[in-house]
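*Asks:*
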Amino acid sequence: MPKAIKHLQAVVREIDEPLPGVKRLVLADQDGWRLPAFRPGAHIDLHLANGLVRTYSLCNDPADCRRYVVAIKREEQGRGGSRHIHDELCAGQVIGVSVPRSGLELSSTGMNIFVAGGIGVTPFVSAILTLEREGKSNYQLHWASMGEPSLIDMLEPAVNGGRVHLYNTLEVSPPDIRSIVEGSGPDAKAFCCGPTGMLDAFESAVAEWPESRKHVERFTAPKLAPTPNAQPYSVVLAKSGREMEVRPEVGLLATLEAMDADISVSCAGGICGACRTRWTEGPPIHHDRVLSAEERAHEVIVCVAECAGPRLVLDI
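Position one of the sequence shown corresponds to residue 957 (the numbering used here), numbered consecutively onward.
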């Protein structure tokens, strides 16, 4: 049986800089073919030089299936992916691009409240473009930035429609998230992506909301506290039958890498979903911020997972 396609080769058709420190890439199939479809708010992994894999949100309308658009802020203190893109990636280069995954479940009957900080707007741009194309106005974007917003040219119809609220925090206070979400109605959904302080305020404001009505996207993974009295277990790769002991001080991810398992890793902190893998025996101990309760019944984010039993069997 042939392996499922996990990533494809795409050419960097265009690179521009809508704001200093932010690069926007347009990626396309080398021969002009349609690219795999994606949902609003979906992510892709870019396979860069030196084995770097980094995850970014798709910013274009999902109906625009002949290109992928991503925007990357240069992070001097990051892990090297954004610096490579800003300093070395050029139009015309070919890079590996994963099949898109995940996405946002938008409310069709209630309001959709998007709260973003700076480049954290990226997962919401494709959602807003989708709603605008469908003639829907049941959303608000509250977007804080230190100075001019970076991708405002992509949201012109939404801005003209009065559905985008901008907060230049060099001049005004950041958005009052609690006031924004209160009174939004029982069918409303709220989404947030931005710096840690904004995410903390958002999670506090929607703490009593059911999980199905709130969604957080993080730039950086929170530190994972060690599990007390963790015990060794075996990990089995179902397709090859290979097996290895996972010691607590080593962890699952390092063990899988030692086994040369067929997985992609980007954040290594349970927030991007690049390494989501089906499991058939366990059960895993889930520490990610990606999977729903239903998805955890058959999938696991291996970069942060452990196992509650003596054996974890992965479908790889």
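Quick reminder that beta carbons are idealized off the backbone N, C-alpha and C, glycines included.
Determine, using beta-carbon pairs with one atom in the stretch 1148-1155 and one in the stretch 1072-1081, whether at least three such pairs fall under 8 Å.
*Replies:* Segments in contact, yes.
*Asks:* Could you please give the first and the last residue of the uninterrupted beta strand (DSSP E) stretch that includes M1110?
*Replies:* Neither: M1110 is in no beta strand (DSSP E) and is coded neither H nor E.
*Asks:* Going straight from the alpha carbon of V1050 to that of V967, what length do you get?
*Replies:* Their backbone Cα atoms lie some 4 Å apart in a straight line.
*Asks:* Enumerate in chain order the residues of its own chain whose CB-to-CB distance from G1066 is below 8 Å, with the five nearest sequence positions on each side excluded.
*Replies:* Once the five neighbours on either side are set aside, the close Cβ partners of G1066 are N1094, S1140, G1141, P1142, D1143, A1144 and K1145.
*Asks:* Which same chain residues end up closer than 6 Å to V1087 when comparing Cβ atoms and leaving out the 5 residues on each side of it in sequence?
*Replies:* Going by the sequence as given, residue 1087 is Leu instead of Val. Same-chain partners within the cutoff: Y1095.
*Asks:* Within a Cβ cutoff of 8 Å, which residues of the same chain sit near A1190, ignoring the five residues on either side of it in sequence?
*Replies:* Correcting the residue identity first, residue 1190 is Ser in this sequence and not Ala. Excluding residues within five positions, the ones whose Cβ falls inside 8 Å are E1199, M1200, E1201, V1202, P1266, R1267 and L1268.
*Asks:* Under three-state DSSP, which class holds R1169?
*Replies:* If DSSP states are grouped into helix, strand and coil, R1169 belongs with the helices.
*Asks:* So, do the stretch 1019-1030 and the stretch 991-1005 have three or more beta carbon pairs nearer to each other than 8 Å?
*Replies:* Verdict: yes, contact present.
*Asks:* Evaluate the contact criterion for the stretch 1222-1242 versus the stretch 1054-1068: three or more CB pairs, one atom per stretch, below 8 Å.
*Replies:* Counting Cβ pairs under 8 Å, three or more are found: they touch.
*Asks:* Give me the Cα-Cα distance between S1106 and F1158, rounded to the nearest whole angstrom.
*Replies:* Approximately 22 Å between the Cα atoms of the pair.
*Asks:* Taking Cβ positions, are A1114 and L1126 nearer each other than 8 Å?
*Replies:* No, the pair does not count as a contact, with Cβ atoms beyond the cut-off.
*Asks:* Can you tell me whether DSSP reads N1068 as helix, strand or coil?
*Replies:* Strand at N1068.
*Asks:* Using a Cβ-Cβ cut-off of 6 Å (strictly less than) and excluding sequence neighbours within five positions of T1274, which residues of its own chain qualify?
*Replies:* Residue 1274 cannot be examined here, being either before or after the span of the chain that is shown, 957 to 1272.
*Asks:* Measure the Cβ-Cβ separation of V1172 and L1208 and say whether it is below 8 Å.
*Replies:* Not a contact, by the Cβ cut-off of 8 Å.
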